[in-house]
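Here the structure comes first, spelled out in structure tokens, and everything after it is commentary.
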Amino acid sequence: MGLERFCVKTPGRAELVARSLLCMIGLLFTLSQPVCEAFNLDVDNPSVYSGPNGSYFGYAVDFYLADSSSASVLIGAPKANTSQTDVTEGGSVFYCPWSLGQSECHATKFDNEGNRAIQLNDTEYQADFKSRQWFGATVRSHGDTILACAPLYSWRTGKDTPHSDATGTCYLSVHNFSKFVEYAPCRTEFSDAAGQGYCQGGFSADFTTDGKVVLGGPGSYFWQGEVIAAAKEEIVKAYYPGYFLQSVMGQIQTKQVRSEHDDSYQGYSVAVGEFSGDQLEVMETLYLQMGSYFGYAVATTDINNDGMTDLLVGAPMFMVRASEGRLEEMGRVYVYLQRGPLNLEIQLPHLTGTQAFGRFGSTIAPLGDLNQDGFNDVAISCPFGGEDRQGLVYIYNGYSDGLREKPSQVITGQWAAGTIPASFGFALRGAKDLDMNGYPDLIVGAFGVNKAVLYRSRPIVNTSASLTVSPHMINPEEKNCMITSGNSSIPVSCVNLSFCMSADGKHLPDILDFQVEVRLDSHKHKQRSAVKRALFLDSHQPLLQRSVRVRRGERVCNHTKIYLRDEKDFRDKLSPIYLALNFSLDPKAAADSHGLRPVLNYQTTNVYEQKAQILLDCGDDNICVPDLKLAVQGDRKEVYLGDDNSLTLTFNAKNEGEGGAYEAELYVVLPPEADYSGIARNNELTCSYETENQTRYLSCDLGNPMKSGASLWAGLRFTVPRLKDTHKNVQFELQIRSKNENNSHSEVVPYKLEVVVQADVILQGVSRPDKIFFPPANWKATKSYGVEQDIGPAVEHIYELVNNGPSQISETFLELRCPLRSQNHNLLYPLKFSTEGLINCTADKNMNHLQVCVSICWITHGLLAFKIVTFDVSSFQNAYKQYLLECLARYSVNKMPYAILPKYAPNKLCSHPQVVTPVVWNKPDIENSVPLWIIILAILAGLLLLALLIYVLYKFGFFKRSLPYGTAMEKAHLKPQAASEA
1 MGLERFCVKT PGRAELVARS LLCMIGLLFT LSQPVCEAFN LDVDNPSVYS GPNGSYFGYA
61 VDFYLADSSS ASVLIGAPKA NTSQTDVTEG GSVFYCPWSL GQSECHATKF DNEGNRAIQL
121 NDTEYQADFK SRQWFGATVR SHGDTILACA PLYSWRTGKD TPHSDATGTC YLSVHNFSKF
181 VEYAPCRTEF SDAAGQGYCQ GGFSADFTTD GKVVLGGPGS YFWQGEVIAA AKEEIVKAYY
241 PGYFLQSVMG QIQTKQVRSE HDDSYQGYSV AVGEFSGDQL EVMETLYLQM GSYFGYAVAT
301 TDINNDGMTD LLVGAPMFMV RASEGRLEEM GRVYVYLQRG PLNLEIQLPH LTGTQAFGRF
361 GSTIAPLGDL NQDGFNDVAI SCPFGGEDRQ GLVYIYNGYS DGLREKPSQV ITGQWAAGTI
421 PASFGFALRG AKDLDMNGYP DLIVGAFGVN KAVLYRSRPI VNTSASLTVS PHMINPEEKN
481 CMITSGNSSI PVSCVNLSFC MSADGKHLPD ILDFQVEVRL DSHKHKQRSA VKRALFLDSH
541 QPLLQRSVRV RRGERVCNHT KIYLRDEKDF RDKLSPIYLA LNFSLDPKAA ADSHGLRPVL
601 NYQTTNVYEQ KAQILLDCGD DNICVPDLKL AVQGDRKEVY LGDDNSLTLT FNAKNEGEGG
661 AYEAELYVVL PPEADYSGIA RNNELTCSYE TENQTRYLSC DLGNPMKSGA SLWAGLRFTV
721 PRLKDTHKNV QFELQIRSKN ENNSHSEVVP YKLEVVVQAD VILQGVSRPD KIFFPPANWK
781 ATKSYGVEQD IGPAVEHIYE LVNNGPSQIS ETFLELRCPL RSQNHNLLYP LKFSTEGLIN
841 CTADKNMNHL QVCVSICWIT HGLLAFKIVT FDVSSFQNAY KQYLLECLAR YSVNKMPYAI
901 LPKYAPNKLC SHPQVVTPVV WNKPDIENSV PLWIIILAIL AGLLLLALLI YVLYKFGFFK
961 RSLPYGTAME KAHLKPQAAS EA
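Residue numbers for the sequence shown follow UniProt numbering, so the first one is 1 and each next one is one higher.
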């Protein structure tokens, strides 16, 4: 059922329970807390106050500053047990004196009486009911006065029935706990729902600046609600112990209106501010809307420092439509800026929560000027937000245009949800300086764990700094400093660097300590290499760290030098060398007298940057403008499906501009089908092969700089093995790239290759045996055949169809023709045709049509086997004495497995001899014998010829013997020595 009907049936009590336990029944969220910069509330050293378990300690909180000598915290615990007679969970208000390091609390006895009685018709009746009255659900202070209310207090109206009305009641402690008075303006004769019987006075409350009490009673007049106000002095005067009905001088209250305003809950929340322009404060009271609970919380403060009070309204159940279309409860706070008397202008955009079911906007608390910038700040709670529903409190800062859209600080509760959520932030109170350090503080209640937390504000440090490098241009040719390397000194190029700081603020110590860092080639500006181009002269490091002490209000400067490293140690000469100054307060510095360390203003710029430029050989303006040209040629224009396709691309890179191209590279984008193999020529070229976002590319160094007029020839090797028939072309893209700001790239040069289908098919064959002798030995003619040997000698033709590629073929036709007859004579008898692989064959003649018994087992694939027919020898001899057996073959490629058609068809359909078998006639033995008379005649003729030869030799003296030493005359003429030797 709706909340309206539920409240009607259970008036007052259910409404308060609904307020206190909003969304505590299993509402979950998963969003994480936002990450914001730290502000000046000290979340590391809070003061934590604890109350009795189950007392809802922390349901309401406030400061109590009765005088300048004492400061304390007031914490309501509406379910706490008290010493009152016959009262259960009457509720209490705890007084917690504050001092550094202490957080003890004790209950304050506003009401020592138990339930009171009245006499009616000589019968005593219980007059009021204080059990579970939720005393302490509302707590407010003003000077030395404390207001504490019990909105579920009930009293008997005086009738002879046990009926009682939840009118609510409040107590005031005046003059620093010296006197307590009760104030129950709804306890009147106007009882029941039609009057003030269900008023729940004190459900909300506040003080005006001059000390008037303002109470909200949302249950009056059929829950139209009402707001009641009276001066606290008049309330004290009108109080008489024992009197239930009071008449307070000058009390004002809203009246009952038409019935259409029933169930409006006016007074559910109240805030006081000046809106009429007559310097008189007006009670702002907003009643609840059932959808978003608009008006669940209201607050007033001057946000934009224009002298007029502004209004903030919480709607903790505001729904936001998520990206998938469903509604999610996020909560919202509306800001109304007062532009004139009762002229409120809504500020856009609205402040909307980010935590589902976190109830952002449940409580809104003015904080005063936390950071002392002249604008008041605001705290907004999200009590069921954050991880484990521990609760969040957002700090928003005011400025000239209203309230800033993003929080400056997010405070996270320390306790995760247990049986019920901790409800951290359900109660908030600020705008009071508890520790007297000049900055207002904040109290946060977490009644689900019976805790309250005090966060004190740290002093704000406003700083300014500067970073200077002089000169801004570093000339690599000007060596004006020396560095030591080993035992030698090396001249380097250096420039001056200085940084200055000042600090100021309110309520700060005289001396402030800072940690300062100056970083060269800072990480914020990404370099192509991790190598630092400049270093500090004294440390040879890219980072300078110093402790700097600054006197408040003064300016301190430090000086040093930086130098440029050798140009061989880095590549990036174009981009500036960025210098970053970063500083923070020294965390080791001593705390002030209040135990707090100052904090930098969250809006302070604590990072300062400068840059230095390397002087280039580019004229007076130090700007190089290259003119890069690229020409590419390759050693092939086609690539074949099925091949590795080796490719060499030769390029010519030129710079025809007026300045050098720095970090110049040849950038080659490879198609998916290609791979890089290496450098074909120019060994000085260096290339790297990389992949970025699924794009593979080659990067080759062309010089740093690639000087004006430079011309470079080089070759790169690739393979293109992964071709697909889905693309008819593959393309390389080549470009020269540099880091220059102007004209840094050449035109992209594409190199396109056509994808071609090509196959090289060869048909080859062989005869086995290579020659046939016919007829065979011991052959006898027959007219019938039982086995194959009866037919004649065997001959086999073996064929092989080879694809030398590179592309595949998928369907080929092969035709073989052999002469089975010639000149009306049988020549061949086909026996068998065997093949290899997935080949289907047919023949127009039956193999082994005589069905002879075949004993030979052929295992050779692709074989055509025949027998030479020998049953007609005489006719064969006459017809085929000089015969060549020729089988003719032809093939055609009918299909290739590609979508691309072959550029050249690999078909050879012309018939031509492929396998030739010579047939040699072999005569019988009887025809080879020689007659005897021929042999005898031959022998006689030979003997006669021999005798004739001997006779002729004899006649010529061939057989005469010669003298051994010559004639006598020859001897006489011989010399003695020669004669003796002879």
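We put the CB at the ideal spot given by N, CA and C, even for glycine. Bear in mind that the values here come from a model prediction, so they are computed numbers and not experimental data.
Pick out whichever of the options has its Cα sitting closest to the Cα of residue i.
i	options	result
Val174	Glu692, Gly143, Ser269, Glu89	Gly143
Cys700	Gly715, Ala710, Glu692, Ser708	Gly715
Asp643	Asn304, Pro721, Ala938, Ile950	Pro721
Gly709	Glu741, Ala71, Glu656	Glu656
Asp441	Val378, Pro421, Ile490	Val378
residue 984	Gly201, Ile736, Leu512, Gly402	Here the chain comprises residues numbered 1 to 982, so residue 984 is not present and cannot be evaluated.
Arg890	Leu816, Leu948, Pro672, Phe958	Leu816
Ser505	Ser539, Val492, Val461	The sequence shown places Gly at residue 505, rather than the Ser named in the question. Considering only alpha carbons, the answer is Val461.
Pro776	Pro793, Gly438, Thr82, Asp401	Pro793
Phe773	Val757, Val766, Val795, Val756	Val795
Val61	Asp388, Ala446, Asp263, Gln347	Ala446
Ala127	Ser141, Val756, Ser154, Asp111	Ser154
Gln256	Val272, Ser292, Gly217, Met249	Gly217
Ser738	Ile679, Tyr667, Thr695	Tyr667
Ser498	Met436, Ala580, Ile474	Ala580
According to DSSP, is residue i helix, strand or coil?
i	result
Leu508	coil
Phe570	coil
Glu800	strand
Ala947	helix
Ile934	helix
Ser204	strand
Ala589	coil
Asp67	strand
Val35	Only weak support is given to the placement of Val35: the predicted model assigns it a pLDDT of 36, under 50, and the value that follows is read from those uncertain coordinates. Correct three-state label for Val35: coil.
Glu233	helix
Phe29	For Phe29, the pLDDT reaches just 30, beneath the cut-off of 50, and the residue's location in the model is therefore unreliable, leaving the point undetermined.
Ala680	strand
Tyr49	strand
Leu940	helix
Leu41	strand
Distance check for residue j and residue i, CA to CA, integer angstroms please.
i	j	result
Ala148	Leu215	11 angstroms
Gln789	Ser892	37 angstroms
Ala229	Gln355	37 angstroms
Val449	Lys611	54 angstroms
Asn729	Ser807	16 angstroms
Gly168	Phe63	23 angstroms
Ser362	Gly430	16 angstroms
Gly660	Lys707	4 angstroms
residue 995	Tyr455	Outside the shown range of the chain (1 to 982) lies residue 995, about which nothing can therefore be said.
Gly386	Gly358	8 angstroms
Ser68	Asn582	41 angstroms
Gln266	Cys186	14 angstroms
Gly197	Phe190	7 angstroms
Thr560	Leu520	13 angstroms
Ala166	Thr138	16 angstroms
Lys771	Tyr951	52 angstroms
Ile420	Thr123	44 angstroms
Nearer than 7 angstroms: is that true of the beta carbon of residue i relative to any heavy atom of the ligand COA?
i	result
Asp510	For the structure depicted, the ligand COA is absent and the ligand set is empty, with no information on it obtainable.
Which whole-angstrom value is the C-beta distance of residue i and residue j, which I expect to be below 8 angstroms?
i	j	result
Ser103	Val48	6 angstroms
Lys432	Leu65	6 angstroms
Trp98	Ala71	5 angstroms
Ile75	Gly51	7 angstroms
Counting beta carbon pairs with one atom in the region 537-548 and one in the region 498-518, are three or more of them shorter than 8 angstroms? yes
Would you be able to state if there are at least three C-beta pairs under 8 angstroms between the region 128-135 and the region 77-90? yes
Taking one C-beta from the region 583-590 and one from the region 629-641 each time, how about it: are there three or more such pairs within less than 8 angstroms? no
Any contact between the region 301-314 and the region 394-401? By contact I mean 3 or more CB pairs, one from each, below 8 angstroms. yes
Any 3 or more C-beta pairs closer than 8 angstroms across the region 632-640 and the region 686-694: Counting C-beta pairs closer than 8 angstroms gives fewer than three between the region 632-640 and the region 686-694, which falls short of the contact rule.
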